[in-house]
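J.: Supplied in structure tokens, the structure appears directly below.
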């Protein structure tokens, strides 16, 4: 999670919402790491999670990322849930919950939806205070 927090901080420094993520191979090797870049790229899909999936898929030359683990500072949204299911990511580890758009338990228990053809293991709340503080500080600074 420390690497994901560093990515989130880099995103904040670039004026992006500070969310950072990394995708790990089964052996723990970092396949990809990214932060949100929707503003800079003018791309509503440029969430940290999606950017990691894209990088890893290019690196592995395979859109299936079976057995991987995504570590992300904020609970993923429903768009990211769909991408993670399609990529066949095994596990998602997230920091802060997202009470507005969280699709991994806060607003929707997406991984438990019965019609999905892939099940994702979930571990939430890892370094939640640190992850949440980065977001709170970012939005507070933008309001002042």
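Residue numbers (full-length UniProt numbering): 1 to 144. Glycine included, every Cβ here is placed at the ideal spot set by N, Cα and C. This one's a predicted model, so the numbers in the text were calculated from it and none came from an experiment.
#1: What is the residue span of the alpha helix (DSSP H) that residue 86 lies within?
#2: According to the neighbour-count rule (16 or more other Cβ atoms, all chains shown, within 10 Å of its Cβ), is residue 109 buried or exposed?
#3: Tell me whether residue 111 is buried or exposed, calling it buried when 16 or more other Cβ atoms sit within 10 Å of its Cβ.
#4: Three or more C-beta pairs closer than 8 Å, one from the region 110-126 and one from the region 82-98: is that the case here?
#5: One question on the structure: do residue 145 and residue 33 come within less than 8 Å of each other, judged by their Cβ atoms?
#6: Does the distance from the CB of residue 75 to the CB of residue 106 come in under 8 Å?
#7: Tell me the rounded alpha-carbon separation between residue 141 and residue 84.
#8: Consult DSSP for residue 104 and reduce its assignment to one of helix, strand or coil.
#9: Only counting runs of 4 or more residues, tell me where the alpha helix (DSSP H) segments fall wholly within the UniProt domain "CMP/dCMP-type deaminase" (1-123), in order along the chain.
#10: To which residues of the same chain is residue 62 closer than 6 Å at the C-beta, ignoring the five residues directly before and after it?
#11: Can you give me the start and stop residues for the alpha helix (DSSP H) that residue 136 sits inside?
T.: This is what the structure holds:
#1: 78-87
#2: exposed
#3: Flag for residue 111 reads buried.
#4: Note that the region 110-126 touches the region 82-98; at least 3 beta-carbon pairs, one per stretch, sit closer than 8 Å.
#5: No statement about residue 145 is possible, as the shown extent of the chain runs from 1 to 144 and does not include it.
#6: With respect to residue 106, residue 75 sits close: the two C-beta atoms are nearer than 8 Å.
#7: If you take the alpha carbons of residue 141 and residue 84, they lie about 31 Å apart.
#8: Residue state for residue 104 is assigned as strand, using DSSP reduced to three classes.
#9: 2-13, 38-41, 48-60, 78-87
#10: none
#11: Note, residue 136: alpha helix (DSSP H), 128-143.
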